[in-house]
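Report on the following structure.
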Amino acid sequence: MKAVLKKSTITPDHSFNIHKDTGIQMLSPWHYHPEIELLVLKRSSGKCLIGDYVGPFSNGDTFLFGSNLPHTFRHEKKYMERADDRRGESIVVLFNQELWGSQMLNLPEMTPISRLLEVSKLGLRINGNTRKKIAQIAEDMLVETPSKRLMLLLQALEIISSTQEYDNVSSRGFLPDINLQDRSRMNKVFEYTFVNFKRKILVEDVAGLISMGTHSFCRYFKNKTRKTYVDFLIEVRIGHACR
150 MKAVLKKSTI TPDHSFNIHK DTGIQMLSPW HYHPEIELLV LKRSSGKCLI GDYVGPFSNG
210 DTFLFGSNLP HTFRHEKKYM ERADDRRGES IVVLFNQELW GSQMLNLPEM TPISRLLEVS
270 KLGLRINGNT RKKIAQIAED MLVETPSKRL MLLLQALEII SSTQEYDNVS SRGFLPDINL
330 QDRSRMNKVF EYTFVNFKRK ILVEDVAGLI SMGTHSFCRY FKNKTRKTYV DFLIEVRIGH
390 ACR
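Counting from 150, one number per residue, gives the positions in the sequence shown under this note's numbering.
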């Protein structure tokens, strides 16, 4: 499974995209895209990999991802297979930072939102009452007119920036500098790990997946993720145990 740069889903007749995904529509490999993403996970749980963070997610979790931040979500199987109103469901909003133009973002009144978009480069998990408000706004956006949707998006960002009820997801030292070959290699490693983490995993076997020697792989993995593969595997297992 290859991770790829996702093509923009914003059509020429719209300035941003909002849609609802259910079941297997929520599946995606490790990927990134130039658009900023507001993600509301209405119904699902599992493990997520965001930048250099790996851990659990659950129903209601809401995230804001900055431009080009690599991420993937491994949903529990039950949420993918159900064909009723209990299957997985999420709301995705994708928009470019230039949505309102550079002049508007430079206005003094927009300073909090500009700062929010800057810190979102590391990924943000929205918490507390703010999370509930953003989830409701996202629901409203699905049924509103295009102009009202735009105003609601601005309202959502204003609420997040003013309450500051959020946590950074990736570490402050994380830099999303990963080329196409890296994404293909790393996605093989992530996929193998997420499928087999309950079993005994040998580092040399993982290295062989991407045609590397053990020592070269260990250096490569730490260079790309800022952690050792063993530490990454431990985090995956702990994240599963915490659910």
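Heads up, the beta-carbon is just placed ideally off N, CA and C, and yes, glycines get one too.
Complete alpha helix (DSSP H) runs within the region 233 to 282 (minimum length 4 residues, chain order)
250 to 254, 260 to 268
Starting from residue 196, trace the beta strand (DSSP E) in both directions and tell me its first and last residue.
Numbered from 1 along the sequence shown, position 47 holds the residue referred to as residue 196. Element bounds for residue 196: 195 to 199.
Among all the DSSP beta bridges, which residues are the ones paired with residue 315?
Mapped onto the sequence shown, residue 315 falls at position 166. Paired residue(s): 275.
Looking only at DSSP bridge pairs, what is residue 205 linked to?
To locate residue 205, count along the sequence shown from 1; it is residue 56. Paired residues: 196.
Please report the residue range of the beta strand (DSSP E) in which residue 168 lies.
Here residue 168 refers to the residue found at position 19 of the sequence shown. Segment 165 to 171, the beta strand (DSSP E) holding residue 168.
Quick check on this structure: which residue in 242, 350, 338, 263 has the alpha carbon closest to the alpha carbon of residue 360?
The residue you call residue 360 lines up with position 211 of the sequence shown. The shortest Cα separation from residue 360 among 242, 350, 338, 263 belongs to 338.
Check residue 180 in the structure and name its three-state DSSP category.
Numbered from 1 along the sequence shown, position 31 holds the residue referred to as residue 180. If DSSP states are grouped into helix, strand and coil, residue 180 belongs with the strands.
Apart from the five residues just before and just after residue 185, which ones in its own chain have a Cβ nearer than 8 Å to its Cβ?
Taking the sequence shown and counting its residues from 1, the one referred to as residue 185 is at position 36. Only 213, 214, 215, 216, 243, 244, 245, 246, 266, 269 meet the Cβ criterion.
For residue 382, which residues of its own chain have a beta-carbon under 8 Å away from its beta-carbon, when the five flanking residues on both sides are left out?
The residue labelled residue 382 in the question sits at position 233 within the sequence shown. These residues qualify, in order along the chain: 342, 346, 350.
Counting Cβ pairs, one atom from each stretch, are 3 or more of them under 8 Å apart for the region 306 to 319 and the region 197 to 208?
yes
Just to confirm the assignment: which complete alpha helix (DSSP H) runs, minimum length 4, are found wholly within the region 324 to 381?
Qualifying alpha helix (DSSP H) stretches, in chain order: 329 to 345, 352 to 358, 363 to 374.
Should the region 366 to 382 be called in touch with the region 216 to 235, which here means at least 3 C-beta pairs below 8 Å?
no
Close Cβ partners of residue 277 (< 6 Å) along its chain, the five nearest in sequence each way excluded
For the purposes of this step, residue 277 is taken as the residue at position 128 of the sequence shown. So the qualifying residues of the chain are 314.
Taking the alpha carbon of residue 272 as the point to measure from, which residue in 195, 252, 181 has its own alpha carbon closest?
Position 123 of the sequence shown, counting from 1, holds the residue named residue 272. Of the listed residues, the one whose Cα sits closest to residue 272 is 181.
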